[in-house]
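A short worksheet on the structure shown next.
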Amino acid sequence: MDLKECCRFLEDLELIPVTILDTDDSIQQFCEQYYLHSAQKSLQFDNLKKLLSELTPFEILTLQDHFQIHFLFARMEYRNLCHFVAYGPFCTELLSSDDAGILLQHLDIQDLSRNDLQEYRARFQVQSQGKAQYAFNILLSRFTTVQTLRSIRALDESFIPELTDSDPETYKKLHGSIIRKRYEGEQQLISYIAAGNSAAAINTWHELHRKMEFRKLGHTLEISRSSAAVTRTLIRFGAIQAGIPAELNDDISGRSAIYISRARTIDMINEEHERLIQEYCHLIHRYKTRHYCSIVLSALYMMEHDYAENLTSSSIAGEIGCSVSTLLHRFKQEVHITPGAYLNQVRMKKAAYDLSYTDDSIQEISNRVGILDANYFVKCFRRVYKLTPSQYRKIHRQ
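In my numbering, the protein residues as written are 75 to 472.
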């Protein structure tokens, strides 16, 4: 394959544009194709041409513009001619609407909406910087005698204005005001969680999120994960004040931490904040209004969230840290049925939902709710709903 064919192959493989910039017209066309705003100085013809002219055959220039769009540029000798090749644009992460608004605010850009910025960034593939550099290096090594791994020279156009030591008093007052407001908001969030007030807690969290001052936005996904850890800590404090058992508190918080560590977008992390707040507030409201003891509350939570597992009274008691007899006595006293009967109700309720809203087979749904024997599942379901799973699906199909 020649250079153009290899560029097209890499573009089709990674879904990231690969452009040969060997004439002024191709450079001008490249700038016009990806130019959005005057803040993108590197995508102005004269500036890009100057950047390319300064490239050596032994390096890759990595560029991040003001809107966190990434480009890779390299110079190569092919068939006794000098060629410049661009890999990109691509993004290393997604930005939520709120993050786009924060970015525009810090850049002091008022003639571009957050929606327009999001639509612009949505045109480009999300790829890690390291993987992009590796793929680009492979392409370059195919057509040059230069060592396979070129040196990397980074250029970051992003600039976020911030106060400097030239005005220490102003900075001190502003910093103190931000800290006080954030502390007040955090105390409010803890109080609303402790009261089980999910609506007020979610609104307070949104206010805290909007007011958060980012000095750098280069790794927004990681910042969001760090912010989520702080939020979980505040929520845990509220839950402790409400009397939620420490073991249960740790279990709920741990599940959320695992989910956020695997989240791939900021929106996923933000949605998890809201879900976690609602889960805690529902649990606290239940604890306060029904006056369940910590043993019963923990058992209820386990059955409602781990119903697909092979749960028994013995395994639940072992997880909670009490004897089987204590669990059975407390549970029957406060819930008025046995743990086994309650677990069966949870499983049948989940199964009924899947029968109404999915096309999954009876066996699949049976397995999903923790009952491997489909015939036994049918008997359990019929005992609760007075219908077979097939009859229920026919009546309640949505």
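Even glycine gets a Cβ: it sits at the ideal position worked out from N, Cα and C.
Contacting residues, own chain, Cβ-Cβ under 7 Å from residue i (five flanking each side not counted)
i      : result
Ser330 : Arg306, Glu346 and Leu350
Leu178 : Leu186, Arg188 and Leu191
Phe311 : Ile264
Ile390 : Ala373, Met376, Leu401 and Pro413
Glu378 : Val420
Glu348 : Ile276
Tyr381 : Leu417, Val420, Arg421, Lys424, Val443 and Gly444
Ala209 : Leu84 and Glu88
Ser298 : Ile340 and Ile343
Cβ neighbour criterion (16 or more within 10 Å) applied to residue i
i      : result
Phe145 : buried
Asn384 : exposed
Ala174 : buried
Cys81  : buried
Gln407 : exposed
Tyr361 : buried
Span separating the alpha-carbon of residue i from that of residue j
i      : j      : result
Leu473 : Ile176 : What the structure shows of the chain is the stretch from 75 to 472, and residue 473 is not part of that stretch, so it cannot be assessed.
Val304 : Gln262 : 14 Å
Lys468 : Cys105 : 58 Å
Arg471 : Leu461 : 14 Å
Ser127 : Ile332 : 47 Å
Pro235 : Asp182 : Low confidence applies to Pro235: its pLDDT is 38, below 50, so where it sits in the model is not reliable, and the reading given next is rough at best. Whole-angstrom Cα-Cα distance: 9 Å.
Ala196 : Arg338 : 15 Å
Leu77  : Gln184 : 42 Å
Glu321 : Ala148 : 55 Å
Ser112 : Phe119 : 12 Å
Leu473 : Leu371 : The requested residue 473 is not part of the displayed model; the chain covers only 75 to 472.
Glu393 : Asn323 : 14 Å
Gln200 : Glu167 : A small correction: the amino acid at residue 200 is Val; Gln does not occupy that position in the sequence shown. Taking the straight line from one Cα to the other gives about 6 Å.
Asp434 : Ser440 : 10 Å
Arg457 : Tyr450 : 11 Å
Residue i versus the options, residue with shortest Cα-Cα distance
i      : options                           : result
Met150 : Asn449, Ser435 and Leu214         : Leu214
Val443 : Val420, Cys80 and Arg456          : Val420
Asn211 : Tyr431, Ile318, Ile314 and Val92  : Val92
Ala273 : Tyr194, Glu353, Arg254 and Ser300 : Glu353
Leu308 : Ile340, Ile276 and Glu260         : Glu260
Ile94  : Leu87, Gln102 and Glu88           : Gln102
Ser300 : Val452, Ala268, Ile340 and Glu408 : Ile340
Gln203 : Glu85, Glu408, Asn121 and Gly162  : Gly162
Cys165 : Cys156, Tyr194, His157 and Ser171 : Tyr194
Phe158 : Ile318, Asp139 and Phe132         : Phe132
Ala160 : Asp96, Tyr109 and His140          : Asp96
Backbone secondary structure at residue i - three-state DSSP
i      : result
Ile340 : helix
Thr307 : helix
Gln419 : helix
Gly204 : helix
Ile229 : Reading off the sequence, residue 229 comes out as Leu, not Ile. It is a strand residue.
Glu236 : A caution first: Glu236 carries a pLDDT of 42, below 50, which makes its placement in the model too unreliable to give a value.
Pro163 : strand
His410 : coil
Val370 : helix
Gln138 : strand
Beta-carbon proximity list for residue i, same chain, < 6 Å, skipping 5 on both sides
i      : result
Ser399 : none
Leu429 : Pro463, Tyr466 and Arg467
Ala228 : Thr136
Proximal residues to residue i (C-beta, below 8 Å), its chain only, five neighbours per side dropped
i      : result
Cys367 : Arg404 and Glu408
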